[in-house]
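Chains as they are written, first to last, in the numbering used here: chain A, 27 to 255; chain B, 466 to 798. Note that beta-carbon positions come from the ideal geometry of N, C-alpha and C, so glycine has one too. One structure is given here, and the rest of the page talks about it.
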Amino acid sequence: MTPMMHERVRDGLWRDNPALVQLLGLCPLLAVTGTLVNGLALGIATLLVLLGSSTVVSLIRHQLRPEIRIAVFVMIIASLVTAVELLMSAWFHELHQVLGIFVPLIVTNCAILGRAEAFASRHPPTVAAMDGLMMGLGFCAVLVLLGGMRELLGHGTLFRGAEFLFGPSASALQIRVLPLDDGLLLALLPPGAFIGLGLLLAAKNWLDQRSARQPARAVPVASPTTQSN
Amino acid sequence: MMQSAAPHLRPRHDVPRLMRSVLLALIPGTLAMVWLFGWGVLLNILLCGATALATEALMLRLRGRPIAPALGDHSALLAALLLALCLPPLLPWWMPVLGTFFALALGKHLYGGLGFNPFNPAMLGYVFLLVSFPGSMVLWPSPDLAPPGLLQTLAVGSGMTAFDMVSGATPLDGLKTALAAGQPVAAQRNGFGPFSLHQEPDWLLINALFLLGGLYLLRHRMVAWQIPLGVLLGLGLPAFAAWLIAPDQFADPLFHLFAGGAMLGAFFVATDPVSASTTPLGRLYYGLGIGILVWVIRSWGGYPEGVAFAVLLMNLAAPLLDRLCRPRIAGQG
C-alpha cells in the first residue's frame with residue numbers, strides 16, 4: 027500500500043474521523059443509534075453512498091466547472107441516496123421502515139458533500155474511492171459503537187433486531203448482556219445520544235493525548251499537513 | 466505571604482461555612498421527612514452522601530487536583546442531600562448511587578468542578594433518574610399508612626423485594642389525575658388550609674419546615690433574598706390569578722406554595738450560588754422564571770412536579786439574564 031493510501035486509512039478511521047473529529051453528520055449519528063443494528067444499517071448505507079459519490083466526483087473532476095460544482099455534487103449524492111433507499115426498500119423492507127426518514131436524509135449528511143468538495147474533486151479515482159471507503163467505515167464504526175453503547179444501557183441487549191438486516195434466522199443473534207427489567211431509558215432518548223457521543227469524543231481525545239505523551243511509540247506523520255485535531 | 470490591595474475585609478462567608486449553614490438549615494425539614502416517610506429517607510441520604518464523597522474524590526484524583534480541600538467544603542455533601550430529599554423513600558440502592566454519580570461526575574466535574582457547572586448538580590441527578598426510571602421515581606408511600614419499617618426499607622433498598630403495596634399519590638399527582646379525569650379541584654378536599662382545603666398535612670409540614678430553614682438562611686444573609694422571593698411570587702401570582710378566574714380547574718396559590726418541592730426548591734435549590742444568576746435584578750428575574758415555569762409545568766406539563774425542570778431551564782438562562790441585568794457602572798453609558 028502506498029503511503030498515500032495508508033494515510034487515507036488512518037485519516038478515515040481515526041485521525042480525521044468524520045464523526046469523532048470533523049463532527050459531521052451528527053443528525054443521523056444521534057437519531058438512529060438507538061440500537062447497534064440500526065447504527066450498522068445506516069452506517070452501511072452511508073458508506074455505500076460515500077464510496078460511490080467520491081468515485082464519481084473524482085472521475086468527472088476535470089470536466090467540472092467550479093461555478094456549478096456544488097450543484098453537481100448534490101445531484102450525484104442525491105441520485106446515489108435514492109438508489110440506496112430503493113434497494114433498501116426492496117430487500118430490507120422492515121429495516122427501511124425502522125430507519126424511516128433517516129435514509130433519504132443521508133443526502134444532507136455534510137460528511138459526504140464535505141469529502142466530495144475537500145478531497146474527491148482534487149484526487150484521482152483510486153485514492154478518492156479509498157478515502158470514501160475509509161471515511162464511510164470510520165463513520166459506520168462510530169454509529170455501531172454508539173448504537174451498541176445505547177442499546178446495552180437502554181435495553182441490556184446487543185444485536186436487537188438483527189433479523190431486519192440478516193434475515194429471520196439472525197434473530198438468534200440477539201444477546202442479553204445485562205439482566206435489566208427496565209433499562210436506563212435516558213440512554214435511548216436524544217439526551218443519551220448526546221451524552222454518549224460526548225463520552226466517545228472524550229475517550230478519543232484522551233487516547234490521542236496519551237499516545238502524544240509517549241513520543242517513542244508515536245507513528246511518524248506521512249504528510250506535512252498539520253494534525254487537524 | 467500574599468498581600469492584596471486595600472480594603473482588607475475578611476469575607477463573611479467562605480464556601481465551607483456557607484455550605485455548613487445550608488446543611489444546618491435543611492435539618493428540620495429532613496427530620497420531618499424521615500418521621501413521615503420512614504427509614505428510606507435516611508437510607509437515601511446515606512447512599513447519596515457516601516456516593517458523593519467517593520465520586521468527588523475519584524473525579525478530583527482523575528483530574529489531578531488536591532482532594533482534601535474540596536472534600537472539606539461540603540459542597541458535594543450538600544448536593545447529595547438535596548438530591549436525596551427529592552427521591553422517593555423506597556428505591557433499590559443503585560438508583561440513588563447512580564443518580565449521585567451522574568450528578569457529580571457528569572454534572573459537576575466534567576464542566577470543571579465547583580464554580581464551573583452551569584447546571585445545579587442535584588437537579589441534574591434527579592432529572593437523570595426521573596427520565597431514566599419514570600416508574601420507580603413516582604412511588605411515594607401512602608400518607609394514610611404507617612411509614613414502612615426498617616426491615617422492609619432494607620429489603621427494598623437491597624433490591625430483594627419490589628415496593629408496590631403501600632404506594633400512594635402525592636398531592637400534586639392526585640391533583641393532576643383528578644383534573645385529567647374531569648373532576649373539579651374542590652372535589653378532593655381532604656386536608657386543611659385557608660383556601661380550597663385540599664392540602665395533605667404531611668407535605669404542608671415538610672414545606673413549612675423547609676420555609677423555616679430558608680428564613681434562617683435569609684436572616685443570616687447566606688442566600689440572596691431576590692431568588693426565593695422571585696420563585697414564590699412567580700409561582701404564587703399566576704396561581705392566584707388562575708384560581709380567581711377558574712377555581713375548578715386550578716389549585717389555589719397556597720396549595721402550590723406548600724406542595725411538592727416548592728419551598729425546598731425556592732430556598733435551597735434555586736439559590737445555588739454557582740448555577741444561579743449573580744446580578745441583583747437578574748436574580749429576581751431568575752427566581753420569577755423558575756416560579757412561573759413550576760406553575761406552568763404543574764398545570765399543563767406531563768410530570769406532576771416541575772421544580773427540577775424549571776431550575777435546570779433557568780440555569781440555562783442565567784448567563785443571559787446576568788448579561789442583560791448587569792448594573793451600570795457609575796460614569797459610563
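Glu-143 of chain A lies in the alpha helix (DSSP H); which residues open and close that run?
136-144
Name the residue from B:Ala-535, B:Gly-639 and B:Phe-566 whose alpha carbon lies nearest to the alpha carbon of Pro-769 of chain B.
B:Gly-639
Are the Cβ atoms of Ala-568 of chain B and Leu-550 of chain B separated by less than 8 angstroms?
no
Helix, strand or coil: how does DSSP classify Thr-635 of chain B here?
In this structure, Thr-635 of chain B counts as coil in the three-state DSSP scheme.
Report the three-state DSSP secondary structure of Pro-557 of chain B (helix, strand or coil).
coil
Is the CB of Asn-655 of chain B under 8 angstroms away from at least one CB in chain A?
Residue confidence is low: Asn-655 of chain B scores 46 on pLDDT, short of 50, so the model does not pin down where it sits. Its coordinate-derived value is still stated next. Not closer than 8 angstroms to any Cβ of chain A, the Cβ of Asn-655 of chain B fails to qualify, so no.
Straight-line Cα distance separating Glu-120 of chain A from Phe-185 of chain A:
15 angstroms
Measure from the alpha carbon of Leu-225 of chain A to the alpha carbon of each residue in A:Ala-45, A:Val-110 and A:Leu-125, then state which is nearest.
A:Ala-45
Would you decide whether Asp-42 of chain A is buried or exposed? Buried here means 16 or more other CB atoms lie within 10 Å of its CB.
buried
Within chain E, the residues that Asp-208 of chain A reaches when beta carbons sit closer than 7 angstroms:
No chain E is present in this structure, whose protein chains are A and B.
Let me know the secondary structure DSSP gives Arg-202 of chain A once reduced to three states.
strand
Hey, how far is the Cα of Ala-689 of chain B from the Cα of Gly-679 of chain B?
Here the alpha carbon of Ala-689 of chain B sits roughly 11 angstroms from the alpha carbon of Gly-679 of chain B.
Taking its Cβ as the centre, do 16 or more other Cβ atoms sit within 10 Å of His-149 of chain A, making it buried, or is it exposed?
buried
When you compare the CB positions of Ser-80 of chain A and Ile-103 of chain A, do they come within less than 8 angstroms of one another, or not?
no
Are the stretch 706-714 of chain B and the stretch 514-534 of chain B touching, with three or more C-beta to C-beta distances below 8 angstroms?
no
Under the three-state DSSP convention, the category Pro-606 of chain B falls into:
The answer is strand: DSSP assigns Pro-606 of chain B an E or B state.
Would you say Leu-215 of chain A faces chain B, with C-beta separation under 8 angstroms as the test?
yes
Are the CB atoms of Phe-675 of chain B and Phe-598 of chain B within a distance shorter than 8 angstroms?
Contact: no.
Own chain partners of Asp-787 of chain B with C-beta closer than 7 angstroms, once the 5 adjacent residues on each side are dropped:
Here the set comprises Ser-742, Thr-743, Thr-744 and Gly-747.
With a threshold of 8 angstroms on Cβ separation, who are the neighbours of Phe-220 of chain A within its own chain once the five nearest residues in sequence on each side are excluded?
Leu-56
Beta-carbon contacts of Gly-173 of chain A that lie in its chain and below 8 angstroms, excluding the five residues immediately before and after
Contacts found: Val-58, Thr-59, Gly-60, Thr-61, Leu-62, Val-63, Asn-64, Gly-65 and Leu-66.
Comparing C-alpha positions only, which one of A:Phe-118, A:Ala-116, A:Val-124 and A:Leu-227 sits nearest to Leu-171 of chain A?
A:Leu-227
Beta-carbon proximity of Gly-162 of chain A to Thr-72 of chain A, cut-off 8 angstroms:
yes
Expressed to the nearest angstrom, what Euclidean distance is found between the alpha-carbon atoms of Leu-511 of chain B and Leu-496 of chain B?
14 angstroms
Can you check which of these residues, B:Ile-492, B:Leu-637 and B:His-685, is closest to Leu-719 of chain B by C-alpha distance?
Ranking the options by Cα distance to Leu-719 of chain B, first place goes to B:Leu-637.
By DSSP, does Thr-183 of chain A sit in helix, in strand, or in coil?
Three-state DSSP puts Thr-183 of chain A in a strand.
Gly-182 of chain A and Pro-217 of chain A closer than 8 angstroms at C-beta:
At least 8 angstroms separates the beta-carbon of Gly-182 of chain A from that of Pro-217 of chain A.
Cβ of Phe-593 of chain B within 8 angstroms of any chain A Cβ
yes
Val-592 of chain B and Ala-724 of chain B - do their beta-carbons sit closer together than 8 angstroms?
no
Residues near Leu-615 of chain B by beta carbon distance below 6 angstroms, same chain, minus five either side
Trp-504
Residue burial classification, Ile-532 of chain B (beta-carbon count within 10 angstroms, cutoff 16):
exposed
For Leu-113 of chain A, the three-state DSSP class (helix, strand or coil)
The answer is helix: DSSP assigns Leu-113 of chain A an H, G or I state.
Work out the CA separation of Asp-717 of chain B and Ala-646 of chain B for me, nearest whole Å.
19 angstroms
Report yes if the C-beta distance between Ile-671 of chain B and Leu-501 of chain B is below 8 angstroms; otherwise report no.
The answer is yes: Cβ separation under 8 angstroms.
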